[in-house]
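Visitor:
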Ligand SMILES: Cc1cc2nc3c(=O)[nH]c(=O)nc-3n(C[C@H](O)[C@H](O)[C@H](O)COP(=O)(O)OP(=O)(O)OC[C@H]3O[C@@H](n4cnc5c(N)ncnc54)[C@H](O)[C@@H]3O)c2cc1C
């Protein structure tokens, strides 16, 4: 049986595991990533909206702070990655327009606007006509909308490719295999045993296995992350040159209670998403999912039915009970978590990488990440038991 050792072993090489490994290696840790297919995962499906302001929800103010902080770090993060790797990651600062198609949607959007303003966020209310002036292909029935110039986008597939390249340059070792079991000795995580039977040891293990993070054998029950998969189906259309520019910014709406968004990339790709389904680890693309997305997107921008349909895909968002990530040290020495990023994993990549590198170096989370300690769920469970 072979074995290998490192300072930091990251289990899972999705966007979150990769950014963690890159930042850890930059701090001087001998770092390894274990994943059968690094650079895969939900980022291959995600739209890449960096939507701290338009994704604001009641009761998620703490998460808003982290989302905004990560959005603030994005320009430097992209500049550093691009300079290091030469990869263009499709970062586009073109803003977002959230629109309403009927009176109910408009009332909801007005509430979101009020919440954004109370939270000190920049967004501007526009009439239907003003919305169409910005995006002439919007349906004539659009009743109004919110212009959010600060919510940008990135191409997540390009971003993970750049992160793999950055990791390689920083000396990160990749083990193309899966973790079968966490190994624990004398009350401390010591590494993993892989499916191929290799033993990988490390001083610190970061569990970043996305929606599968709660399923790794050997992790004591009291530190197992409460993460579940939330399925999302997405379509990719192509905008032929003769139709460009089809849309100049991300356009989104709530249609019959479901979110729909259209994210136009500079290379002509138009991403239409996304369903949100609680179906376990199922990633089947269904006729119903595709139908609903096309139906809702067509109500918003009727011209989409002219565009070639290039791809249909489903992925799994790693979701925690409070929709916020679990970051940093756990109750088991040597085991840290970087998971539960749900619908904001692409947005939260920069702040997550920085927070985990800090925690690996100091044992503590930086101030902005402290509310996201995994220990919050243990504390909540204990207080329920004693109540
Ligand atoms: C439809 C959809 C749309 C989205 N849109 C956006 C968006 O617009 N903006 C945004 O910010 N976010 C978006 N997201 C969310 C974002 O994609 C996720 O939050 C993020 O990709 C999660 O990354 P991760 O690395 O934690 O997990 P994953 O991407 O799931 O990666 C986990 C990795 O761990 C590996 N792994 C699992 N088990 C093991 C094991 N036992 N051993 C070794 N490796 C293992 C897997 O192979 C995988 O590579 C979207 C997600 C979906 C599904």
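Residue numbers (the numbering used here): 1 to 387.
Glycine included, C-beta positions come from ideal geometry on N, C-alpha and C.
In angstroms with no decimal places, state the Cα-to-Cα distance between residue 351 and residue 9.
Guide: Mapped onto the chain shown, residue 351 falls at position 351. Mapped onto the chain shown, residue 9 falls at position 9. Distance between the alpha carbons of residue 351 and residue 9 is about 19 Å.
Visitor: What residues match up with residue 201 in a beta bridge as DSSP calls it?
Guide: As a first step, residue 201 is located in the chain shown; it is residue number 201 there, counting from the start. BP columns for residue 201 point to 5, 191.
Visitor: In whole angstroms, what is the alpha-carbon distance linking residue 45 and residue 290?
Guide: On the chain shown, residue 45 is found 45 positions in, with the first residue counted as 1. On the chain shown, residue 290 is found 290 positions in, with the first residue counted as 1. Residue 45 and residue 290: Cα-Cα distance of roughly 14 Å.
Visitor: In three-state DSSP terms, what is residue 213?
Guide: For the purposes of this step, residue 213 is taken as the residue at position 213 of the chain shown. In the structure shown, residue 213 sits in a helix (DSSP, three-state: H, G or I).
Visitor: Would residue 147 and residue 102 be called neighbours here (beta carbons separated by less than 8 Å)?
Guide: If you number the chain shown from 1, residue 147 lands on position 147. If you number the chain shown from 1, residue 102 lands on position 102. It is not a contact, given that the beta carbons lie outside the stated cut-off.
Visitor: State the Cα-Cα distance for the pair residue 333 and residue 133, rounded to the nearest angstrom.
Guide: Taking the first residue of the chain shown as position 1, residue 333 is located at position 333. Taking the first residue of the chain shown as position 1, residue 133 is located at position 133. In a straight line, the C-alpha of residue 333 is about 57 Å away from that of residue 133.
Visitor: Quick one: any contact between the segment 298–307 and the segment 14–29, if contact means 3 or more CB pairs under 8 Å?
Guide: In short, these stretches do not touch, since the Cβ pair count stays below three.
Visitor: Taking residue 328 as the reference, which of 156, 204, 256, 245 has the closest Cα?
Guide: In the chain shown, the residue the question calls residue 328 occupies position 328. Answer by Cα proximity: 204.
Visitor: Report the residue ranges of all beta strand (DSSP E) runs contained in full by the segment 233–279; include only those spanning at least 3 residues, in chain order.
Guide: DSSP runs (the beta strand (DSSP E)) wholly in the segment 233–279: 250–255, 258–264, 269–273.
Visitor: State the start and end residues of the unbroken beta strand (DSSP E) segment that holds residue 144.
Guide: Here residue 144 refers to the residue found at position 144 when the chain shown is read from its first residue. It spans 144–148 - the beta strand (DSSP E) in which residue 144 sits, taken as one unbroken run.
Visitor: Could you work out which residue in 374, 365, 41 is closest to residue 330 when comparing CA atoms only?
Guide: If you number the chain shown from 1, residue 330 lands on position 330. Answer by Cα proximity: 374.
Visitor: How about residue 64 and residue 51: do their beta carbons lie closer than 8 Å?
Guide: As a first step, residue 64 must be located in the chain shown, where it is residue number 64. As a first step, residue 51 must be located in the chain shown, where it is residue number 51. Not a contact, by the Cβ cut-off of 8 Å.
Visitor: Just how far apart, CA to CA, sit residue 283 and residue 315?
Guide: Start at 1 with the first residue of the chain shown, and residue 283 comes out as number 283. Start at 1 with the first residue of the chain shown, and residue 315 comes out as number 315. One C-alpha to the other measures close to 6 Å.
Visitor: Between residue 261 and residue 252, what straight-line distance do the alpha-carbon atoms span, to the nearest angstrom?
Guide: Indexing the chain shown from 1 puts residue 261 at position 261. Indexing the chain shown from 1 puts residue 252 at position 252. Answer to the nearest angstrom: the Cα atoms are 4 Å apart.
Visitor: So, is residue 267 buried or exposed, given that buried needs 16 or more other C-beta atoms within 10 angstroms?
Guide: As a position in the chain shown, residue 267 is number 267, starting the count at 1. When all chains shown are included, residue 267 counts as exposed.
Visitor: If you compare alpha carbons, which of 325, 90, 335 is closest to residue 368?
Guide: Along the chain shown, one-based indexing puts residue 368 at 368. Minimum Cα distance to residue 368 is reached at 325.
Visitor: Does the distance between the C-beta of residue 158 and the nearest non-hydrogen atom of ligand 1 fall short of 7 Å?
Guide: Looking up residue 158 in the chain shown gives position 158. Incorrect: residue 158 has no Cβ contact closer than 7 Å to ligand 1.
Visitor: Pull up the distance between the alpha-carbon of residue 59 and that of residue 119, whole angstroms please.
Guide: Taking the first residue of the chain shown as position 1, residue 59 is located at position 59. Taking the first residue of the chain shown as position 1, residue 119 is located at position 119. When rounded, the distance between both Cα atoms is 12 Å.
Visitor: Are the segment 303–317 and the segment 172–185 touching, with three or more C-beta to C-beta distances below 8 Å?
Guide: As far as the Cβ criterion goes, the segment 303–317 does not touch the segment 172–185, which means the pair count is below three.
Visitor: Take residue 360 as the anchor and find which of 23, 2, 11 has the nearest alpha-carbon.
Guide: As a first step, residue 360 must be located in the chain shown, where it is residue number 360. When each option's Cα is compared against that of residue 360, the closest is 23.
Visitor: Beta carbon of residue 14, beta carbon of residue 48: below 8 Å?
Guide: Stepping through the chain shown from its first residue, residue 14 is reached at position 14. Stepping through the chain shown from its first residue, residue 48 is reached at position 48. Contact: no.
Visitor: What is the rounded straight-line gap between the Cα of residue 224 and the Cα of residue 339?
Guide: What you label residue 224 is simply residue 224 of the chain shown in a count that begins at 1. What you label residue 339 is simply residue 339 of the chain shown in a count that begins at 1. Whole-angstrom Cα-Cα distance: 11 Å.
Visitor: Among 257, 258, 263, 220, which one has its Cα closest to the Cα of residue 237?
Guide: Numbered from 1 along the chain shown, position 237 holds the residue referred to as residue 237. Among 257, 258, 263, 220, the Cα nearest to that of residue 237 is on 263.
Visitor: Tell me whether residue 228, by its Cβ, gets closer than 7 Å to a heavy atom of ligand 1.
Guide: As a first step, residue 228 is located in the chain shown; it is residue number 228 there, counting from the start. Checking the Cβ of residue 228 against ligand 1 gives no.
Visitor: Taking only heavy atoms of ligand 1 into account, decide whether any of them is closer than 7 Å to the Cβ of residue 298.
Guide: Position 298 of the chain shown, counted from the start, is the residue given in the question as residue 298. Checking every heavy atom of ligand 1 against the Cβ of residue 298, none is found closer than 7 Å.
Visitor: Pull up the DSSP beta-bridge partners for residue 311, would you.
Guide: As a working mapping, residue 311 is identified with position 311 in the chain shown. BP columns for residue 311 point to 236.
Visitor: Whole angstroms is fine: what's the gap from residue 198's alpha carbon to residue 192's?
Guide: As a working note, residue 198 is residue 198 in the chain shown. As a working note, residue 192 is residue 192 in the chain shown. Going from the Cα of residue 198 to the Cα of residue 192 covers about 8 Å.
Visitor: Look up residue 62 in the DSSP assignment and say whether it is helix, strand or coil.
Guide: Here the question's residue 62 lines up with position 62 in the chain shown. Helix at residue 62.
Visitor: Say yes only if the C-beta of residue 35 is nearer than 7 Å to one or more non-hydrogen atoms of ligand 1, and no if none qualify.
Guide: Position 35 of the chain shown holds residue 35. Yes, since a heavy atom of ligand 1 falls inside the 7 Å radius drawn around the Cβ of residue 35.
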